[in-house]
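**Student:** Note that this note's numbering numbers the sequence shown so that position 134 is 140, with each residue one more than the last.
Ideal Cβ placement from N, Cα and C applies to all residues, glycine included.
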Amino acid sequence: MLVGVAATLALLAAAAAVALLTRPDPLGGSAAPATAGLGPDLRSRPAAADRFALPDVVLAGFAGAPPVRLADYRGTPLVVNFWASWCTPCVVEMPDFQQVAGEVAGRAEFLGVNVQDAPASAAAFVTRLGIDYDLASDPAGEFYAEVRNFGMPTTLFVDPAGTVAYRHTGALDASQLRELLAVHLGVQAGAGG
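(1) Excluding the 5 residues preceding and the 5 following Ala129 in the sequence, name in chain order all residues of the same chain whose CB lies nearer than 6 Å to its CB.
(2) In the DSSP assignment, what residue or residues form a beta bridge with Trp89?
(3) Taking all protein chains shown into account, do 16 or more other C-beta atoms lie within 10 angstroms of the C-beta of Pro72, making it buried, or fewer, making it exposed?
(4) Ala180 and Leu187 - do their beta-carbons sit closer together than 8 Å?
(5) Confirm, please, whether the CB-CB distance from Thr169 to Ala59 is below 8 Å.
(6) Measuring only the C-alpha atoms, how far is Val164 from Thr133?
(7) What is the DSSP secondary structure of Tyr139, counted as helix, strand or coil?
(8) Determine whether the beta carbon atoms of Val193 and Val74 lie at a separation below 8 Å.
(9) DSSP three-state call for Ala171: helix, strand or coil?
(10) Just to confirm the assignment, what range does the beta strand (DSSP E) spanning Ala66 have?
(11) What does the Cβ neighbour count give for Pro61, buried or exposed, with the cut at 16 atoms within 10 Å?
(12) Give the DSSP-derived three-state secondary structure of Leu84 in the structure shown.
(13) Enumerate in chain order the residues of its own chain whose CB-to-CB distance from Val97 is below 8 Å, with the five nearest sequence positions on each side excluded.
What follows is the structure in structure tokens.
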């Protein structure tokens, strides 16, 4: 009987995997806002280490702030984090991003890009968490799609020349973020970093 249950569970898992891989909406349909479907199909998603030039775009300022020009970050390592207040993993990771951004201040820049969010919700979220690194808005998800993201949150590690050296999709804690900064951008964080 246990073999039959195990076989049934294996078949269900395989069916779920096939459904996920063939689904054109990688973020899960109605549970996520309109960002769903903006990224590439999961079968054509970019590899984490696929290098590409960060587009020289101007993003809307966050909560009425001036526009943000990505070209202004050239010459400094940059961490670009795509987030939204409706994204539970984003809520979990942002305090860690704030902590590490403070640890590397003057040696690396952080830019949080708010994607397809209700402006009032996003602003309240930032205020509640005390986020003080640079923020921009991507209200239509155009920049999110242009860099071929496929999940939230996504973090890009950009070298001083403006090349994306590494892409991480999913939440990061402070320890993981420090490690990725060191490995992909050569920036040491933490006490004595």
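**Tutor:** A quick look at the data gives this:
(1) Around Ala129, the same chain offers Ala69 as residues with beta carbons nearer than 6 Å, after the five sequence neighbours per side are excluded.
(2) Asn120
(3) Pro72 should be labelled exposed.
(4) Their beta carbons are not under 8 Å apart, which means Leu187 does not touch Ala180 by this criterion.
(5) Less than 8 Å separates the beta-carbon of Ala59 from that of Thr169.
(6) 26 Å
(7) coil
(8) no
(9) strand
(10) Taken as a continuous stretch (DSSP letters only), the beta strand (DSSP E) holding Ala66 covers Val64 to Gly67.
(11) exposed
(12) strand
(13) Counting only Cβ-Cβ distances below 8 Å, and skipping sequence neighbours, we find Ser91 and Phe131.
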